[in-house]
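Start counting the sequence shown at 2; every next residue gets the next number (this note's numbering).
C-beta atoms are modelled at their ideal positions from N, C-alpha and C, and glycine is treated no differently.
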Amino acid sequence: MTAQDTFRVEELFLIASAFGGESVFGLPDRAVFQLQGEDGFREGYEALQAKGILNEIGELTDGGALVVESLENYQHCQSYVRLNQFMFGFRDEDSENAYLLIEVEEDSSYRFEVMDKVFILQLLTQQFPLLKRTLSEEEKSFLMRKLSTEDSELAALSEPDERFLSMEYFHVNEEPRVEENREFYQQYFLFVWKERLIAVDVVREAYYQVSGYWLWNELYRELKFPVKEALENGTTGI
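Here's what the structure looks like:
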């Protein structure tokens, strides 16, 4: 098994079964795959053997036990952040690492890895063109302001270029666990419109012009950047 290996959804459910898990955060409902029959899970079992996670008689290998432990830690994270196809999980008990589930094929194939938090910033700038944009002078004077009704309607009709970001926060210990509770869940869709950075509060259907400093502050807080790393790279907006 290598860091570039991908897992089908059924494989991840089988790994989760090793610690008694019935679900994996960020994956489709397990019942959907169970209703499709046993073939997918049988193929997943064989794939785990081919990856060396299970041996020839179906027992966990030493390497497989590490994968199970890592996925269990991911499943028990207190907070998650989804950025496009990247789902980051964070545990209060682990200040050094993020647990990363990457969707390779929609609802079908994923990568899973444990990443030292100091590398998150590098990953973001590599994967998201929006985070490479140059901040304008105007953005130093504000963080967030609501768009007019007219501009909101025009922005909604625009076609975003490659500079976009779907951003979701989940704080799973907060109650009630409903989208309307901002302490539990928030979702923004960000894109560039007329060279202005636009953030759509998806739950409340509200449009804002935001500063790049606002965006980096959001990422810094939710992705729990190490303080030294964030300050050295000027990403806090402070």
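Can you tell which of the options has the C-alpha that lies nearest to the C-alpha of residue i?
i	options	result
Glu-39	Met-88, Leu-15 and Asp-95	Leu-15
Leu-206	Leu-148, Glu-160 and Arg-197	The amino acid at residue 206 is misidentified as Leu; the sequence shows Glu. Nearest C-alpha to Glu-206: Leu-148.
Gln-114	Glu-181, Leu-155 and Leu-102	Note that residue 114 is Glu in the sequence shown here, rather than Gln. Of Glu-181, Leu-155 and Leu-102, the residue nearest in Cα terms is Leu-102.
Gly-22	Phe-129, Glu-73 and Gly-65	Glu-73
Trp-240	Phe-120, Glu-140 and Ser-159	This structure cannot speak to residue 240, because the chain is shown only from 2 to 239.
Trp-217	Leu-36, Asn-182, Leu-166 and Ser-159	Leu-166
Cys-78	Phe-171, Leu-84 and Glu-160	Phe-171
Val-240	Ser-153, Arg-134 and Asp-162	The question about residue 240 has no answer, for the chain in this structure spans 2 to 239.
Ser-80	Ile-58, Asp-95 and Leu-124	Asp-95
Phe-120	Leu-132, Asn-98, Lys-133 and Leu-131	Asn-98
Please state whether DSSP places residue i in a helix, a strand or coil.
i	result
Phe-120	helix
Lys-141	helix
Ile-33	According to the sequence displayed, residue 33 carries Val and not Ile. Reduced to three states, the DSSP call for Val-33 is helix.
Ser-71	helix
Arg-92	coil
Leu-158	helix
Asp-152	helix
Arg-112	strand
Arg-183	coil
Arg-222	helix
Identify the continuous alpha helix (DSSP H) that holds residue i and give its terminal residues.
i	result
Phe-14	10–18
Phe-171	First-last for Phe-171: 165–172, but that is the beta strand (DSSP E), not the alpha helix (DSSP H).
Arg-134	No alpha helix (DSSP H) contains Arg-134, which DSSP labels as neither H nor E.
Phe-42	40–51
Closest Cβ-Cβ distance between residue i and chain B: below 8 Å?
i	result
Phe-89	Of the chains in the structure shown, none is chain B; there is only one protein chain.
Note down the Cα distance separating residue i from residue j, rounded to an integer number of angstroms.
i	j	result
Glu-12	Gly-45	5 Å
Gly-213	Val-173	27 Å
Arg-197	Glu-47	50 Å
Glu-223	Asn-56	39 Å
Leu-232	Arg-43	Unreliable placement is indicated for Leu-232, whose pLDDT of 44 sits below 50; no coordinate value is reported for it.
Asn-225	Tyr-111	In the sequence on display, residue 225 carries Lys and not Asn. Roughly 23 Å separates the two Cα atoms.
Arg-92	Glu-151	42 Å
Ser-137	Trp-194	14 Å
Glu-107	Glu-169	17 Å
Gly-1	Ser-109	Here the chain comprises residues numbered 2 to 239, so residue 1 is not present and cannot be evaluated.
Arg-9	Arg-31	12 Å
Met-116	Gln-76	15 Å
Gln-127	Val-179	33 Å
Tyr-208	Ser-159	13 Å
Lys-118	Gly-53	27 Å
Does the distance between the C-beta of residue i and the nearest non-hydrogen atom of the ligand MN fall short of 7 Å?
i	result
Glu-11	In terms of ligand content, the structure shown is empty, and the ligand MN therefore cannot be addressed.
With the cut-off set at 8 Å, would you say residue i and residue j are in Cβ contact?
i	j	result
Phe-143	Arg-164	no
Val-105	Thr-7	yes
Gln-50	Arg-146	no
Phe-34	Gly-41	yes
Ala-200	Tyr-189	yes
Ala-19	Leu-67	no
Where do the ends of the beta strand (DSSP E) carrying residue i lie?
i	result
Ser-80	80–84
Glu-104	98–106
Asp-6	No beta strand (DSSP E) holds Asp-6; DSSP gives it neither H nor E.
Arg-1	Only positions 2 to 239 of the chain appear in the structure, and residue 1 is not among them; the question remains open.
Arg-197	197–202
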